[in-house]
Structure formats: C-alpha cells, structure tokens
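414 is the number that my numbering gives to position 364 of the first sequence; each next residue is one higher, with no gaps. All residues carry an ideal CB built from backbone N, CA and C; glycine is no exception. No experiment lies behind these values; they were computed from the predicted model shown. All remarks here apply to the structure that follows.
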Amino acid sequence: MDISVVLADGSERTVPFGFTVFQLAAMIGKRLSEDSVAARINGTLRDLDSVLSDGDQVEIVTRNSDDGRQILRHSTAHILAQAVTDLWPGTHFAIGPSIADGFYYDFELPGAKHFVDEDLVKIESRMREIVNEGQSFARSEYSIHDGLELFADQPYKREIIETVANNLAGADDDEELEEGVGDGSISVYRNSSGFVDLCKGPHVPSTRKLGSFKLMRVAGAYWRGDEKRPQLQRIYGTAWESDKALKEHLVRLEEAEKRDHRKIGLELDLFHFPPEIGGGLPVFHPKGALIRQIMEDYSKREHRKAGYQLAWTPHIAKSTLFEISGHLGWYKAGMYPPMEMEGATYYPKPMNCPMHILIYKSRGRSYKELPLRLFEIGTVYRFERSGVLHGLARVRGLTQDDSHIFCAPDQLARELTRLLGFIISILKNFGLSEFEAELATRPEKSVGEDFEWDHATAALEHALKESGISYKVAHGEGAFYAPKIDVHLKDAIGRRWQVSTLQVDLQMPQRFDMEFVDSDNTRKRPYMIHRALFGSVERFFAILLEHYAGALPVWLSPVQVVVLPVRDDHSPYARHVVRELENSDVRVDFMAADEPLGSRIRKAKTDKVPYVLVVGDTDVASGTVGVNERGSKDPDRDVPLSEFVARLVPQLSGQPLGESLD
RNA sequence: GCCCCCUUAGCUCAGACGGCAGAGCACAGCCAUGGUAAGGCUGGGGUCGUCGGUUCGAUUCCGACAGGGGGCUCCA
C-alpha cells in the first residue's frame, strides 16, 4: 500500500507505507540525503527515522539551514556530555542547549572538581572518537515515573522532570521542552554506546554527521541562572555544518577581536584604566578626550536645536535627596558608599534625575512651559560588581547624556514620538543605520495604578508605530516603576548593542510632589520621561570604536589630516598647507621629515588618520598636495590645495555622507 | 560576588631541572633627505604583579592577595 506526502515545494510524492523520512530524502536525491539531519513534518521537527503518514507535509532539514545547524549543535552538545561522563564517571549533567553559533553543556563533576583549560583538549579528542565511531541516536519515550528511575543518579535531570511533572502549566518553558519533558511523558535519546540523555530532539541519526566543532572555553554558570543555587561547570563550544563554515566563524571572531575597543584604545592612545584609580574608572588621553568632546558638543548643539535646555548639577548630594527619590531604598547596593561631613551624609549620585526634578521644582510651573526638556551630560557613579566591568562598555563612573522631559498627560504621546524620532536621527548621524526596539511592559513586581501603566505603555507603543522602527514587546521586562523602550543598534559586523532608553516614570513626580498650573488654574501632576540617548558617553564611544574599527568618520577623528614634507626643504610649504587647513577649522598635524617618508606614511596610516597629505617638489612649485585618503589604495597626486579644502570642508560637520568608511 | 585562565621592558611576546633576563616594535642619540605602509648604527630601559612559604639559591615550585581577560549573576 502506498501513501502520498507533500514536499516543501508543494509537489506530491507517493511512497510505500512505512517509509521513513530518510528513505524519502534518498529517493529525492543522494545529495539531499547526505545533507539531511532531520525533517519538519507538519511543522514539527522530527528525526530522520520517523515513519511517514499519508498526507504529511514534509520538509527535509539540511545541515546548512538554521534548523539544521541548531540540530547539529544540540547533537554536538550531547556528545560533549557523553565524552565528559566517559572521562569523569559519576558526573552530573544538567542542560545542554544550542545557542547562537554553538552550544554549551553544564556539568557537576564528582568531588566538586573543576575543569581546567587542558581538559578541553582531552574532552575534544574523546568527542572526535565518538564521532568516528558513528554512534546512532535513538529516541524513546518514558513515563514520568520511569524517567525519574532512569535518571536516578542525575539530580539535575530529575529536577527538570519533576518541575514539569508538578506543574504542567509550566511546560511552556522552552528550555524544559528542549530538554524533552512535556505532556506527562519524557523523551530520551540513547546512543549506541549506552549514553542516555533527556531530550526532546530531534538529533542527527549518527554521530558521523557531526565533526565541525570546537570547544571554546570553560565557565562557571549557576544552575537555572540562580546565584543562590550551585554553580555548575559550563563548557562552551561552536559547531557548524562544515569545516569551512567553522573556519569562517573562527575568522569572524578574530575580526571582532581586532575591533575590540580596549585594543583600539591602546593602539590609538585614547584612554586607559589605571589600577591606581580603580576598576571601571577610565582616564581619557588627549585624543580620546577630544573625541568625547566632539561627541558631547555635537549632542549639546542638537539638543538645543530640538528645544532642550541645558542643566548642570553636582556629583554628590545629601542622603535626603536619595531618600525622597527612593534610590536609597531600592538601589543602595548599587550606590557608592556615603561620606560624612558636618553631620550630614553625602552620596555620589547614581542618577541625575532627582536633581533635574529639583530644577523643575525651583519655582511654580505653568502649563505654558511644558514640555520642559532638561538635558545634561552628567557623570554618575554606580558600584558595579567587579566581575561585570568590561572596558568602556561597563564602567563605574559613567557619563549619561541624560534628559528629563516634564509634560502634561495629554502631551505624552506626541512627546514620545518626537523623542524617538530625535534619537534615531542622532544615531544615524553617527553612521549607525540599523535599529530595533523593545517595548518593556509592566513587570509582576511593580508599583503604580493600572490606568497609569496603560496610558504610558500605550503612548510608548504609539511612538514606536509612528517612528516605523521595528520592535518587539518584552512582556514584564519594564522597570518596576516604569515601562520603557530600549533601542538596540547593529554595528558594522552585525553585533547588537543596547543604547538608548526611554522610560515613562510613574513614581518620581509623585514622590517629589511635582505639579504645574493648568489653563483652568488647577494644579496637576506632570508626566516625566527619562531618556539617555547614547546610553553613556563611554559606552557609545566604545560602540563607535568597534563599529568603525577605530577608523572614525572625518568629523569625529581627533586628527583629520597629517601633512608630510618629502624632504626637510619642503617644510615651509608644508607648514603653509597646515595653516591653510587650520584656517578652515581642520584638525591637522605636521610630521617633520626626520624619518623616511615610507615610515612616516605608515605611522599616519596605522593611526587611522583620514587624510595623509604628502608635499614635495612639484607641490611646492604648483601649490598642490598629494592626497592619500584612508581606505583608498593609490594616492591622488597634484591636487590643488584649494580643491582639497573644498572637498574636505563638507565632511567636517557631524552630518552623514552616506558612505561607508570601512 | 562566583567559576576558569592570564600577569616577564611603554606595547606584543620568548625563556629556563630552580643557578647573573631575551627579541621585535616603541623610546633616546648619531648618521641617512627619502614621492607613498617599517633606512642604518649606537644606547637607555626589568625587584619577572605584590606578599609569604619551600630551598644553599625562587622570575621559575606552593599559597594568599591584587590587577586583567572569558563566562555566570546583575545592569535603577
């Protein structure tokens, strides 16, 4: 008896009853069957040995598809666990999912031992043996009861099974499902060698399908992500559909490493972290400070144009302020410890907002003044835990480009829309073009009235829709006092960074008893919007360095042009060129002819200076320069100086030129 | 804070069974005046992260601490 199935392209195939997916793939083509790792049957991922039913919609999943790679990674995680239990009998293994680019597996070694780096070599070679043995993965199902018995020696597996068994409603947890529990039964995969793991599947049919993987590192990771629970030993690996894809991935990692802002910061002499000052407290060297200043000046100018007023507030305040704001109640652990003086207690500020509120409250406010937009590039101090510090991206003294907007309730939606548009346009002017947003809604633990949350959340969503930015809703991810929008951007090599945040604060106006007099002469409470655009100047600085790999656009470059005389006797003319450029507000350096030309050019280019001008005999004679533009291979000789200036000047302001400077 | 790794010249890194510490780049001086990515010579520069232990002797072995890196947790 034959049955018929529908393939991904819509065509129908007739196959014998009892045919498996793999047999179907083989029937379609040798290449397809070789590349197949699983199948999607009626929308669900299944093993290749699944038997087909009449009318099934079948899509063969190949190793180079997203689904396929995920299956390869998950299967590779299994043989990682198998290798570890082979090498350390009695190991407890917890979970081992696929993740972006790879997989991990969490273990608890007998005797509370820890992995060291050399162990990865041993484990990897055991994994290669398992691959070469061509072990099969076979699925079977167990009742909860039998499953608990099967994993009698595996407390973490038992906990997964028990949690879900006790709370079937919790079965919508993806991780539990990936681990193979649901619907009152569990599924396990058993290798031909006898290794068994709890798993939903699917898996590749044979370990021989695996092999393009590499173990990357060992790390500690808390069981279920809870720092109160045991810390397990996590091994990270990467796995791909082919050795070529694996190699490309490793090259991409190297590229990313070259862009590391900490490395670039050192190479270009921009900033460093003196241990004598303390972790997370950078000093900016002259060139780095100049870049910062350009960023900040640009930002201030744009804010003034957009109707903001600049504020300036001190770095410390009495405890009273943070008692009113609530920071001492909620976030004391995140604040630097206090200083005592003349009987009062002072704290370094962890945020600027309470001080901006005091500016608002310095006198009565009329509805005619709203929206009142205050802006400050203000440095705040937060006691980040030592383990989380990361270059400029996560510091303890950070400078927020912070604004607080106070508006009437009926102005909220319009103001948020305007704000989001402003944020996007500024980010674009820094040469960033791909954005995504997240709308974070009310968390379970939160304060405030429903109608306020609803109003604020709706206004945020309205702004997102108006701006046209793509977004997703992160349910329950908001701050406990406010819903928010987080803007993420993608950098030149596709990494996502969170930058701007907009929050509609439902608490502060009340805590500080803020009000304004409305047109009907009644006192009303304003809404308050918190917003950081760069996030922090330091973090945004890091993002720009990594995005541009240090080759900043002309307007942000600390040195825009270097002028090199070929010989010493060209120096007077070279200095004339320097003066001319300085008259056009170009940041220009002169490099004396005390080294060979080649090495001076090399130095200027490794400093990533956008334009290197070389002047020699012909230039002196005819008033020209030899232009070396960053990124172009050949010099542009005999360019009249006035022509070069005319070409350069439009690039000096912070406006995008729409060109890639990579 | 927790797990793993690292710490030798300003930078990138060698090094030895435990027996006077090495290179390249950078820096300084002299020479070389060179039209497009490293010119030559000479020189200075180190308590081998800190403290303690083992040892006749420790930069090397052991321990603690500090700083850095990769993760986990956290990020108002």
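- Here DSSP, grouped into helix, strand and coil, assigns Val-333 to strand.
- Comparing alpha carbon positions, the residue from Gly-118, Asp-104 and Gly-60 closest to Ala-88 is Gly-118.
- Its chain contains His-620 and Tyr-623 as the residues whose beta carbon lies nearer than 8 Å to that of Val-670, once the 5 sequence neighbours on both sides are disregarded; these appear in chain order.
- Rounded to the nearest angstrom, the gap between the Cα atoms of Ile-149 and Gln-120 is 8 Å.
- Here Cys-457 is near Pro-576, since their CB atoms are less than 8 Å apart.
- In terms of Cα proximity to Ala-58, the closest of Val-108, Asp-104 and Ser-86 is Val-108.
- For Glu-494, the three-state secondary structure derived from DSSP is coil.
- Contact between Ser-83 and Leu-260 does not hold, since the beta-carbon distance rounds to 17 Å and is not under 8 Å.
- Restricted to the region 247-286, the beta strand (DSSP E) segments that are unbroken, complete and at least 3 residues in length are 263-272, listed in chain order.
- Between Met-177 and Leu-137, the gap from beta carbon to beta carbon reaches 8 Å or more.
- Secondary structure at Val-628: helix, using DSSP grouped into helix, strand and coil.
- Of all C-beta pairs linking the region 630-640 to the region 587-597, fewer than three are shorter than 8 Å, placing the two stretches out of contact.
- Within the model, the alpha-carbon separation for Ser-416 versus Phe-562 is close to 17 Å.
- Take the alpha-carbon of Ala-356 and the one of Arg-464: they are about 14 Å apart.
- Contact check between the region 470-484 and the region 360-379: fewer than three CB pairs, one atom from each, fall below 8 Å, which does not count as touching.
- The continuous stretches of beta strand (DSSP E) do not include Asp-293, which lies in the alpha helix (DSSP H) extending over residues 293-308.
- Looking at the backbone, the Cα of Arg-589 and that of Val-549 are separated by about 8 Å.
- Of the candidates Ile-211, Gly-270 and Tyr-272, the residue whose Cα lies closest to the Cα of Asp-247 is Ile-211.
- For Met-558, the enclosing alpha helix (DSSP H) stretches over residues 558-561.
- The three-state secondary structure of Tyr-206, taken from DSSP, is helix.
- Among the bridge pairs identified by DSSP, Arg-573 is matched with Val-567.
- The beta-bridge partner set that DSSP reports for Tyr-192 consists of Ile-236.
- Taken through DSSP and simplified to helix, strand or coil, Asn-678 comes out as strand.
- Following the DSSP letters along the chain, one finds Pro-421 in no alpha helix (DSSP H), marked with neither H nor E.
- At a Cβ-Cβ threshold of 8 Å, Lys-264 and Thr-288 count as neighbours.
- Look at Lys-522 here: in three-state DSSP terms it is strand.
- Counting along the chain, Ala-506 sits inside the alpha helix (DSSP H) bounded by residues 500-517.
- Beyond the five residues adjoining it in sequence on each side, Arg-267 comes within less than 6 Å, by CB distance, of Tyr-286 in the same chain, given in chain order.
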